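> In my numbering, the protein residues as written are 86 to 414. The C-beta atom is built at its ideal place from N, Cα and C for all residues, glycine as well. Note that the structure is a prediction, hence the values are computed from the model and not measured.
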């Protein structure tokens with residue numbers, strides 16, 4: 086019995102030592118994971134996915150932990166992961182609790198943000214930060230407050246894309262930790278009763294815009310009608326002016342024709358009177374006098390008084406040198 090114990094005990098101890106050495110020296114790394122290995126407390130290498138053997142008690146994995154609060158189904162949940170020996174390099178999503186912010190117009194609202202990240206430099210990450218999710222939560226809160234403080238509340242509520250630049254700011258701030266921020270998205274904006282006020286304001290703005298559009302359309306219609314009337318009046322005026330010009334030209338031509346005819350008539354009369362031995366000028370003046378007297382007599386308010394011998398008329402005729410015969414009674 087003692088002999089058996091003496092044999093089995095060393096064997097068991099040896100097996101335990103072998104198992105311990107194997108557990109400490111053999112490392113199997115899964116896909117999308119890496120392991121940072123230290124030798125005597127200093128960085129030695131990074132183990133990629135696959136089978137690896139390290140020196141037990143000489144080479145040791147560098148561990149890290151993650152402790153943070155997430156929003157799961159509208160309930161806050163504490164996540165606590167300790168002594169993690171591997172580092173995930175795949176995309177991770179963190180749904181943080183609502184963040185209180187103050188907008189540019191001094192409105193207090195809550196923003197529910199989700200963040201997606203990946204570790205691109207395991208060595209930088211493992212030696213820069215111990216609790217990455219908590220660090221990202223603090224950075225996200227600071228950047229959201231910074232961006233939201235430069236916007237009005239209605240801009241954030243109506244278009245959450247205004248907050249997209251938070252992603253770029255987060256990515257720039259997390260590079261020093263070996264982390265890549267691929268997305269920051271605002272899932273929900275909680276403004277309480279302020280949302281109703283903004284909705285009413287938006288509706289009022291839409292109504293005002295509709296009124297303005299209708300007024301502009303009415304004004305445009307009035308302008309078009311006015312321009313049409315103006316063009317019509319201009320064309321009518323041009324037509325009337327053209328007609329007046331044509332009439333004036335016709336009348337002028339008629340006057341010219343009449344004057345030419347009269348000139349020819351006077352010329353012929355002068356020839357005849359001259360052959361008869363009379364002065365043609367006196368003859369023409371007598372004709373003109375008779376014509377004037379006829380026009381005077383034809384006026385409505387002209388009163389004609391006949392004298393016994395028409396002495397005035399005879400004297401005038403004699404003045405022209407014409408032969409006159411006084412009537413006898």
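(1) To the nearest angstrom, report how far apart residue 218 and residue 227 are at their CA atoms.
(2) Is it the case that the segment 234-244 contacts the segment 174-181, given that we only count it when at least three CB pairs across the two stretches are under 8 Å?
(3) Closest to residue 264 by C-alpha separation, out of 249, 139 and 208, would be which residue?
(4) Rounded to a whole number of angstroms, what is the C-alpha to C-alpha distance between residue 189 and residue 201?
(5) By how many angstroms is the C-alpha of residue 153 removed from the C-alpha of residue 211?
(6) Along the chain, where does the alpha helix (DSSP H) containing residue 259 start, and where does it finish?
(7) With a threshold of 8 Å, are at least 3 pairs of Cβ atoms found where one atom belongs to the segment 104-111 and the other to the segment 139-156?
(8) Residue range of the beta strand (DSSP E) that residue 156 falls in?
(9) Alpha carbon to alpha carbon, how far is residue 351 from residue 376? Give it in angstroms, no decimals.
(10) Residues in the same chain with beta-carbon distance under 6 Å from residue 230, minus the five sequence neighbours each way, listed in chain order, please.
(11) Roughly how far, in whole angstroms, is the beta-carbon of residue 256 from the beta-carbon of residue 266, given that I think they are within contact range, below 8 Å?
(12) Could you give the residue range of the beta strand (DSSP E) that holds residue 417?
(13) If you draw a straight line from the alpha carbon of residue 115 to that of residue 134, how long is it in whole angstroms?
(14) In angstroms, rounded to a whole number, what distance separates the CA positions of residue 326 and residue 301?
(15) In chain order, what are the residue ranges of uninterrupted alpha helix (DSSP H) at least 4 long that sit wholly in the segment 186-250?
(16) Please return the same chain residues whose Cβ sits closer than 8 Å to the Cβ of residue 101, not counting the five positions on each side in sequence.
(17) Bridge partners of residue 312, per DSSP?
(18) What are the start and end residues of the beta strand (DSSP E) that includes residue 135?
(19) With 16 as the cutoff for other CB atoms within 10 Å, does residue 232 come out buried or exposed?
(20) Below 8 Å on the Cβ atoms is my guess for residue 184 versus residue 169; work out the distance and round it to an integer in Å.
(21) Since residue 124 sits in a beta bridge, which residues does DSSP pair it with?
(22) For residue 252 and residue 194, I'd like the C-alpha separation in whole angstroms.
(23) For residue 168, name the three-state secondary structure that DSSP assigns.
(24) With DSSP collapsed to three states, give me the class of residue 306.
(25) Rounded to the nearest angstrom, what separates residue 222 and residue 259 at their Cα positions?
(26) For residue 380, which residues in the same chain have their Cβ closer than 8 Å to its Cβ, ignoring the five residues on either side in sequence?
(27) Are there 16 or more other CB atoms within 10 angstroms of the CB of residue 93, so buried, or fewer, so exposed?
(28) Can you tell me which of the three DSSP states residue 327 falls into?
(29) Rounded to the nearest angstrom, what separates residue 181 and residue 146 at their Cα positions?
(30) Can you name, in chain order, every residue of its own chain whose Cβ lies under 6 Å from the Cβ of residue 410, other than the five neighbours on each side?
(31) Between the alpha carbons of residue 104 and residue 98, how many angstroms are there, rounded?
(32) Taking all protein chains shown into account, do 16 or more other C-beta atoms lie within 10 angstroms of the C-beta of residue 198, making it buried, or fewer, making it exposed?
This is what the structure holds:
(1) Sequence index remark: in the chain shown, residue 218 carries index 133 (1-based). Sequence index remark: in the chain shown, residue 227 carries index 142 (1-based). Using only the alpha carbons, I get a separation of about 14 Å.
(2) no
(3) Against the chain shown, residue 264 aligns to sequence position 179. Cα-wise, what sits closest to residue 264 is 208.
(4) In the chain shown, the residue the question calls residue 189 occupies position 104. In the chain shown, the residue the question calls residue 201 occupies position 116. Their backbone Cα atoms lie some 27 Å apart in a straight line.
(5) Numbered from 1 along the chain shown, position 126 holds the residue referred to as residue 211. Numbered from 1 along the chain shown, position 68 holds the residue referred to as residue 153. Cα to Cα, the separation comes out at about 17 Å.
(6) On the chain shown, residue 259 is found 174 positions in, with the first residue counted as 1. That run of the alpha helix (DSSP H) goes 250-259.
(7) yes
(8) Counting from 1 along the chain shown, the entry for residue 156 is found at position 71. Per DSSP, residue 156 belongs to the beta strand (DSSP E) from 149-157.
(9) Taking the first residue of the chain shown as 1, we reach residue 376 at position 291. Taking the first residue of the chain shown as 1, we reach residue 351 at position 266. One C-alpha to the other measures close to 15 Å.
(10) Your numbering for residue 230 matches position 145 in the chain shown. Only 186 meet the Cβ criterion.
(11) By one-based count along the chain shown, residue 256 stands at place 171. By one-based count along the chain shown, residue 266 stands at place 181. Contact flag correct, Cβ pair sits at about 4 Å.
(12) It is not possible to answer for residue 417, since the shown part of the chain is limited to 86 through 414.
(13) Here the question's residue 115 lines up with position 30 in the chain shown. Here the question's residue 134 lines up with position 49 in the chain shown. Distance between the alpha carbons of residue 115 and residue 134: 5 Å.
(14) Position 241 of the chain shown, counted from the first residue, corresponds to residue 326. Position 216 of the chain shown, counted from the first residue, corresponds to residue 301. Here the alpha carbons of residue 301 and residue 326 stand approximately 36 Å from one another.
(15) 207-211, 217-233 and 238-243
(16) For this step, residue 101 is matched to residue 16 along the chain shown. So the list is empty, once near-sequence residues are dropped.
(17) Stepping through the chain shown from its first residue, residue 312 is reached at position 227. DSSP lists no partner for residue 312.
(18) By one-based count along the chain shown, residue 135 stands at place 50. Note, residue 135: beta strand (DSSP E), 135-138.
(19) In the chain shown, counting from the first residue as 1, residue 232 sits at position 147. Buried is the call here.
(20) Along the chain shown, read from residue 1 onward, the residue named residue 184 stands at position 99. Along the chain shown, read from residue 1 onward, the residue named residue 169 stands at position 84. 27 Å between Cβ atoms; not a contact.
(21) Stepping through the chain shown from its first residue, residue 124 is reached at position 39. Paired residue(s): 127 and 144.
(22) Residue mapping note: residue 252 aligns to position 167 of the chain shown, counting from 1. Residue mapping note: residue 194 aligns to position 109 of the chain shown, counting from 1. Cα to Cα, the separation comes out at about 20 Å.
(23) Residue numbering aside, residue 168 sits at position 83 when the chain shown is read from its first letter. Correct three-state label for residue 168: strand.
(24) In the chain shown, counting from the first residue as 1, residue 306 sits at position 221. Residue state, collapsed to three classes: helix.
(25) Counting from 1 along the chain shown, the entry for residue 222 is found at position 137. Counting from 1 along the chain shown, the entry for residue 259 is found at position 174. Looking at the two C-alpha atoms, the distance is approximately 11 Å.
(26) The residue you call residue 380 lines up with position 295 of the chain shown. Cβ within range, chain order: n/a, list empty.
(27) On the chain shown, residue 93 is found 8 positions in, with the first residue counted as 1. Under a 10 Å Cβ-count criterion, residue 93 is classified as exposed, with fewer than 16 other Cβ atoms of the shown protein chains found around its own Cβ.
(28) Start at 1 with the first residue of the chain shown, and residue 327 comes out as number 242. Reduced to three states, the DSSP call for residue 327 is helix.
(29) The count along the chain shown starts at 1 and reaches residue 181 at position 96. The count along the chain shown starts at 1 and reaches residue 146 at position 61. Each residue's Cα considered, the two are about 30 Å apart.
(30) Sequence index remark: in the chain shown, residue 410 carries index 325 (1-based). The predicted position of residue 410 is uncertain, since its pLDDT is 49 and thus under 50; a value taken from the coordinates is nonetheless stated next. Excluding residues within five positions, none has a Cβ falling inside 6 Å.
(31) In the chain shown, residue 104 corresponds to position 19, counting from 1. In the chain shown, residue 98 corresponds to position 13, counting from 1. One C-alpha to the other measures close to 10 Å.
(32) By one-based count along the chain shown, residue 198 stands at place 113. Counting Cβ neighbours within 10 Å, residue 198 comes out buried, since at least 16 surround it.
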